[in-house]
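In terms of the UniProt record's numbering, the sequence shown opens at residue 1 and continues consecutively.
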Amino acid sequence: MFSNAKCNSFIELSNQYHYETADISINSARQVQTNIRNNQRVIYDSTELADTLFSKLKPSLPERLNGWEISGLNERFRFYRYESGETFKPHFDGIYEVNDRYRSQLTLLIYLSEDFIGGETIFYRNSGMLKPCKETQTANIQPKLGQILVFEHKQLHEGAPVISGQKYVLRTDVMYRNPIILEATNN
């Protein structure tokens, strides 16, 4: 979906900033837990990029999800860089909630590189456990340059360890609004 040149421009943009060890949310607190996640991240806020990407991707995204209506992309982008040995063990993506009427429901990943070994995105059956086994795998996505992957936050998945090379990913969220709450607020 995205060209090699566009992916390289995203990588160049991310490298203008300082990558830091990515943290995770545990009981609403942010903390670094390298035994769960040890990749690097840059946070980049851009309404312009959110609007541009949304206009391009909207036809491919669900207009309604769980009774909510699509409204755009989260303007908070996260560039992820994984080097040899780096991973993000099985987890669920968190919801980005602006208020009770406006929140994310889908994760949107754009794979910016493919010159690495390992680093698959692996999905598992939700069994209520964060220690899934190979038998519970439902999909194993080998990242391809420019490929887009969209999935619900509530899907258990992991970023498998990168064996060699560098894996770059751009992540944001697809935002939805609750039309029932909006209608009640406006009346």
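Note that the Cβ used here is the ideal one computed from N, Cα and C, for glycine as well. Please read these numbers as outputs of a predicted model, since none were measured by experiment.
Note down, in chain order, each residue of its chain lying with its Cβ closer than 8 Å to the Cβ of residue i, except the 5 sequence neighbours on either side.
i, result
"Ile117", "Val162, Ile163, Ser164 and Gly165"
To the nearest angstrom, how far is it from the Cα of residue i to the Cα of residue j?
i, j, result
"Tyr44", "Ile11", "12 Å"
"Ala5", "Ile180", "42 Å"
"Lys167", "Leu109", "12 Å"
"Arg41", "Thr172", "13 Å"
"Ser84", "Gly119", "9 Å"
"Ser71", "Lys56", "14 Å"
"Phe123", "Pro143", "13 Å"
"Arg58", "Ile148", "At residue 58 the sequence reads Lys, which differs from the Arg that was named. Roughly 13 Å between the two C-alpha positions."
"Gln16", "Phe79", "12 Å"
"Thr52", "Ser46", "10 Å"
"Glu69", "Asn99", "15 Å"
Could you spell out the range, first to last residue, of the alpha helix (DSSP H) harbouring residue i?
i, result
"Ser55", "Thr47 to Leu57"
"Ile26", "Note, Ile26: premise wrong, no alpha helix (DSSP H); beta strand (DSSP E) at Ile24 to Ile26."
"Ser60", "Segment: none, Ser60 is in no alpha helix (DSSP H) and carries neither H nor E."
"Phe2", "Phe2 -> no alpha helix (DSSP H), and no H or E assigned at all."
Cutting at 7 Å between CB atoms, please list the residues of its own chain near residue i, excluding the five before and the five after it.
i, result
"Phe88", "Arg37, Asn39, Glu158 and Gly159"
"Asn74", "Ala50, Tyr96, Ser104, Thr172, Asp173 and Met175"
"Asp23", "Arg30, Gln31 and Val32"
How should residue i be labelled, buried or exposed, when 16 other C-beta atoms within 10 angstroms of its C-beta is the threshold for buried?
i, result
"Ile26", "exposed"
"residue 188", "Look at the range of the chain in this structure, 1 to 187, and you will see that residue 188 is not part of it."
"Gly67", "exposed"
"Cys7", "buried"
"Ala139", "exposed"
"Glu86", "buried"
"Ser14", "buried"
"Ser60", "exposed"
"Ser113", "buried"
"Thr34", "exposed"
What does a CB cutoff of less than 6 Å around residue i pick up in its chain, not counting 5 residues either side in sequence?
i, result
"Arg103", "Ile95 and Glu97"
"Phe151", "Thr107"
I want to see whether chain D comes within less than 8 Å of residue i, judged by CB atoms only; does it?
i, result
"Ile11", "Among the chains in the structure shown there is no chain D, since it carries only a single protein chain."
Note the first and the last residue of the continuous beta strand (DSSP E) segment covering residue i.
i, result
"Gln16", "No beta strand (DSSP E) holds Gln16; DSSP gives it neither H nor E."
"Arg30", "Ala29 to Gln31"
Considering only residues of the UniProt domain "Fe2OG dioxygenase" (72-179), which uninterrupted beta strand (DSSP E) runs meet the minimum length of 3 residues and lie entirely inside it, listed in chain order?
-> For the UniProt domain "Fe2OG dioxygenase" (72-179), whole beta strand (DSSP E) runs of length 3 or above, ordered along the chain, are 76-82, 88-91, 97-99, 102-111, 116-118, 121-124, 137-141, 148-152, 157-159, 162-165 and 167-177.
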